[in-house]
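Accompanying notes for the structure given below.
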DNA sequence: TTGAAAGCGCTAACAC
DNA sequence: GTGTTAGCGCTTTCAA
């Protein structure tokens, strides 16, 4: 029974003993160092270092009620948007010494509540979710537990939860206006699944609200390259003639570009293609994609910052509106006068 | 002081009291239900339901030593490969009631150790990492703490940690052979950063080991559409003439496709383009991309399964080799006889 | 500034 | 099958 190797991991008692102080003092060095005299603080610190002491997160959590874990509920990671979003969240949270647990919801509100519940069960101190459309059970859960939740991807100052995002209506309108300015009058709109997705619905609503003198034909597709290709193939097959294709996501636009090329239709000469989101890759497609820039990474960091501050200060943060910006590139051009 | 609303959250004692049993019995219906008679079990369960009791993860962890949290260390999420990989991990772990904390390493071994340490500090029961090249500090950490770690993206039965992945050398060779079979003799190889990335190095080594009668020119690029475009633009500018472009990642191939199109070079008529990985989108590019399929999602689930089983049984799992498969599509064709 | 002691909510021996 | 009891490793009163 060697004293030095008996235990797997040193605990605070070991540290206290080694430093010749009480556990309470050792604990203070960890949590309120200024409340301890410099001399004892140093002694305790040395003991900590020598024993390679690492506080038990569980024990700490049980006492302080703080786990330093937050949950990120995203529809999927199999989409560049959410992957980049999560990447930004993780990076920002690391700055705040907060760990992020991922949970994918597949855009299903039922799965969302379930995973949210799990997250709460493991002690998540806050949540980041997408959109403002959630199941009643989710809303009830949030209200009952009073857990800090930031809703992202949209800006809704009136919503019960603080939002960090952009004005999806306005962004879609900005895109449509650009096409209309270029004299397009018959436009195919390619959008992601609207069911259970308020961001998509907001974008569509924005288009319809504009009430310009244009014909808009709506087509729904999975937000993947494959989904876009299949949808565009169908549009072309149907014989419908559009001078422009407005894709409510850059991923869709990229797929459209491929499918149009495959069909031998030249972009932008025969048909203009416009995206929305502006992924980093969008300026490198052929032709480079005209889009409306949504600051996805920025949204991730801002949401993370907002949540971290909420947790830290117990003050709900203000909603954040991220600007959308038109990025004209080579995939759109004016309709030739007939 | 209303008894029903005094406490924020019911604890096991409340449940036990309400059910008229001891805490131990209440604990048993949670952890070994069969050790409790059906009658009392029901009583306790009712109490649990009525009080909406949810066990404290922290208290549970402190006693059982189990946190039900695992860590996934990925280079970045800003790459479809790792995003899909993580997506699969999360889905599989959810089946095992295990939560996954993400940590991005940016391919930096120093960051990797640091984040691994954090993961351990918060009580992660296991880790999933990429590749077999890690800093000595990381290896030491793993050895000292004896934490289960699965290394992915490669298959190395001899490695200290169980690996779940594919044979990167063989996969690259499979791709090269395909081009050589098509009579390509001068091939540009576009690969991701080799520094700190043993998967890329293995792929390159595979190509070189083949020692066929071909000239291989190596070009490095960031694994993004943008990176590929810039690299391809440089290759074209340099005036070097290759009949084929072998991209060691489908993301690079997609960028190459765009850049070649922009340059007016026809694929596959003037230059063949071959990928490696086979993303879901690769069959929808224009032209559809010839690639070697690596089962990334499958790798995620298998790695997750392996880690879960290791944690559950304390038995390190066997390494898993995932097959690579040539997927010929339209982006490659035989060189015309001169 | 420091220490003693009382928990936090649960699990796990051990006894009945 | 069930209860008693002793912790797990820490934070946090309360006294000194």
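Protein chains in written order, with the working numbering: chain A, 1 to 338; chain B, 1 to 338. Beta carbons are placed, not taken as given, at the ideal position from N, Cα and C, and that holds for glycine. Just so you know, these numbers come straight off a predicted model, no measurement behind them.
If you look at residue 10 of chain A, you'll find it isn't in any alpha helix (DSSP H); DSSP assigns it neither H nor E.
Listed along chain A is no residue with a C-beta nearer than 7 Å to that of residue 316 of chain B; the closest approach is about 19 Å. Residue 266 of chain A sits in coil when the DSSP states are folded into three classes, being neither helix nor strand. Listed along chain B are 284, 285 and 286, each with a C-beta nearer than 8 Å to that of residue 258 of chain A.
The Cβ of residue 273 of chain B sits no closer than 8 Å to any Cβ of chain A. Within the same chain, Cβ atoms closer than 8 Å to the Cβ of residue 322 of chain B are found at 155, 164, 165, 166, 294, 295, 298, 299 and 302, the five residues on either side in sequence being excluded. Here residue 85 of chain A is buried: its Cβ has 16 or more other Cβ atoms, across all protein chains shown, within 10 Å. Counting only Cβ-Cβ distances below 7 Å, residue 229 of chain B has contacts in chain A at 284, in chain order. CA-CA distance, residue 280 of chain A to residue 226 of chain B, rounds to 7 Å.
Under the three-state reduction of DSSP output, residue 244 of chain A falls in the strand class.
In the DSSP assignment, residue 217 of chain B forms a beta bridge with B:188. In the pairwise beta carbon analysis, the stretch 262 to 272 of chain B is classified as not touching the stretch 228 to 247 of chain A: fewer than three pairs are separated by under 8 Å. Counting only Cβ-Cβ distances below 7 Å, residue 280 of chain A has contacts in chain B at 224 and 226, in chain order. Put simply, the CB of residue 90 of chain A is near chain B, with a gap under 8 Å to one of its CB atoms. By the Cβ criterion, the stretch 325 to 336 of chain A is in contact with the stretch 283 to 290 of chain A, since at least three pairs of Cβ atoms, one from each stretch, lie closer than 8 Å. It is roughly 38 Å from the alpha-carbon of residue 33 of chain B to the alpha-carbon of residue 90 of chain A. Annotation for residue 27 of chain A: no beta strand (DSSP E) segment contains it, though the alpha helix (DSSP H) segment containing it runs 23 to 31. Ranking A:97, A:198 and A:275 by CA distance to the CA of residue 178 of chain A puts A:275 first. Residue-level contact by beta carbon fails for residue 292 of chain A and chain B, as no gap is shorter than 8 Å.
For the C-beta of residue 118 of chain B, the chain A residues within less than 9 Å are, from N- to C-terminus, 94, 97 and 99. Considering only A:312, A:60 and A:272, the residue with the shortest C-alpha distance to residue 182 of chain A is A:272.
Residues of chain A whose Cβ lies closer than 7 Å to the Cβ of residue 123 of chain B are, in chain order, 57 and 58. The Cβ-Cβ distance between residue 126 of chain A and residue 307 of chain A falls below 8 Å.
With fewer than 16 other Cβ atoms from the protein chains shown falling within 10 Å of its own Cβ, residue 54 of chain A counts as exposed.
Proximity to residue 219 of chain A across A:63, A:305, A:239 and A:188 peaks at A:188, based on C-alpha coordinates.
Within its own chain, the residues whose Cβ lies closer than 8 Å to the Cβ of residue 171 of chain B, once the five positions on either side in sequence are excluded, are 203, 206, 276, 292, 294 and 324, listed in chain order.
In the structure shown, residue 303 of chain B adopts helical secondary structure according to DSSP, grouped into three states. In this chain, the beta strand (DSSP E) harbouring residue 130 of chain B covers 127 to 130.
For residue 243 of chain A against residue 186 of chain A, the beta-carbon gap comes to about 6 Å, under 8 Å, which counts as contact.
Fully contained in the stretch 63 to 108 of chain B are the following beta strand (DSSP E) runs of length 3 or more, in chain order: 69 to 74 and 99 to 104.
Residue contact with chain B for residue 239 of chain A: absent (no Cβ-Cβ distance below 8 Å to any residue of chain B). The straight-line gap separating the alpha-carbon atoms of residue 253 of chain A and residue 208 of chain A is approximately 20 Å. For residue 272 of chain A, the uninterrupted beta strand (DSSP E) segment begins and ends at 272 to 274.
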